[in-house]
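Below you'll find the structure, written out as structure tokens, and then a few comments.
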Amino acid sequence: MVYDAKKPKKETIMKQKNPAALAAWNLYPLTRDPAIIAFLVKNDGDDILAQARDLLEQSWQGGPDPALAAALQTRLIDYLWEKNDDESGEQGAIELLSALDALCRDLLAGGNRAQKAAENALDYRLNYLAESGDAAALAEVQRQLQEQRATLAKSSGKAIALGSDQEALLTVLGAAR
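In terms of the working numbering, the sequence shown opens at residue 176 and continues consecutively.
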């Protein structure tokens with residue numbers, strides 16, 4: 176499958192209000208990060224991007240397809256098993272793929288690992304970018320994420336409509352919509 180750079184057909188509101196949906200909402204910008212895209216495309220992972228974007232959109236809109244989650248999970252296991260070189264963008268891609276695997280597991284078997292995995296993936300990438308990026312923009316995005324996490328914890332695990340600002344995340348990551 177070839178990477179399709181067309182703009183996504185997704186809605187930019189989070190319809191579903193649970194940890195898996197929130198994890199999906201927060202992982203989406205990582206699927207648009209140029210360094211992660213470049214690594215995956217260079218290393219035969221472009222099909223993962225397409226499947227991941229579809230599953231993430233379905234998840235935050237409330238109707239994730241179990242067959243797509245199972246197919247993506249199988250592909251992730253195969254892909255992660257084969258890749259172990261240290262290249263630019265790789266660690267961000269590995270964090271994203273691991274978080275996607277956690278989301279697939281949660282969608283297929285229940286559980287709540289996806290939200291923490293999404294937080295770890297975003298934190299890793301934002302910390303990496305903090306070393307060379309716009310400190311003010313990064314600080315604002317990190318503040319929003321901390322507020323989101325605190326609100327989620329207070330609501331007994333039920334996501335609220337707050338979510339992170341995907342536009343701010345996409346901008347900070349240098350990602351194209």
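Think of the CB as a built atom: it goes at the ideal place given N, C-alpha and C, for glycine as much as any other residue.
Quiz item: So what's residue 306 in DSSP terms, helix, strand or just coil?
Solution: Indexing the sequence shown from 1 puts residue 306 at position 131. Residue state, collapsed to three classes: coil.
Quiz item: Considering residue 282, what are the terminal residues of the alpha helix (DSSP H) in which it resides?
Solution: Within the sequence shown, residue 282 is the residue found at index 107, counting from 1. Taken as a continuous stretch (DSSP letters only), the alpha helix (DSSP H) holding residue 282 covers 265-284.
Exercise. Output yes or no for whether 8 angstroms exceeds the beta carbon distance between residue 292 and residue 196.
Key: Stepping through the sequence shown from its first residue, residue 292 is reached at position 117. Stepping through the sequence shown from its first residue, residue 196 is reached at position 21. In terms of Cβ geometry, residue 292 and residue 196 do not form a close pair [threshold 8 angstroms].
Quiz item: For the 8 angstroms Cβ check, are there 3 or more pairs between the region 207-222 and the region 231-244?
Solution: Result no; under three Cβ-Cβ pairs closer than 8 angstroms.
Quiz item: Since residue 221 contacts residue 248 with CB under 8 angstroms, what's their CB separation in whole angstroms?
Solution: The count along the sequence shown starts at 1 and reaches residue 221 at position 46. The count along the sequence shown starts at 1 and reaches residue 248 at position 73. Incorrect: roughly 18 angstroms between the Cβ atoms, too far for contact.
Quiz item: For residue 221, which three-state DSSP category applies?
Solution: As a working mapping, residue 221 is identified with position 46 in the sequence shown. The answer is helix: DSSP assigns residue 221 an H, G or I state.
Quiz prompt | Rounded separation between residue 219 and residue 266 - CA only | solution = Position 44 of the sequence shown holds residue 219. Position 91 of the sequence shown holds residue 266. When rounded, the separation of the alpha-carbon atoms in residue 219 and residue 266 is 16 angstroms.
Practice problem: Just confirm the distance between the C-beta atoms of residue 202 and residue 274, as a whole number of angstroms; I'd bet it's less than 8 angstroms. | Solution: To locate residue 202, count along the sequence shown from 1; it is residue 27. To locate residue 274, count along the sequence shown from 1; it is residue 99. 6 angstroms between Cβ atoms; contact.
Quiz item: What residue range is occupied by the uninterrupted alpha helix (DSSP H) comprising residue 201?
Solution: For the purposes of this step, residue 201 is taken as the residue at position 26 of the sequence shown. Element bounds for residue 201: 194-202.
Self-check item: CB contact flag (residue 228, residue 270, <8 angstroms)
Solution: For the purposes of this step, residue 228 is taken as the residue at position 53 of the sequence shown. For the purposes of this step, residue 270 is taken as the residue at position 95 of the sequence shown. No, the Cβ-Cβ distance between residue 228 and residue 270 is not below 8 angstroms.
Self-check item: Backbone secondary structure at residue 298 - three-state DSSP
Solution: Translated into positions along the sequence shown, residue 298 becomes position 123. Helix at residue 298.
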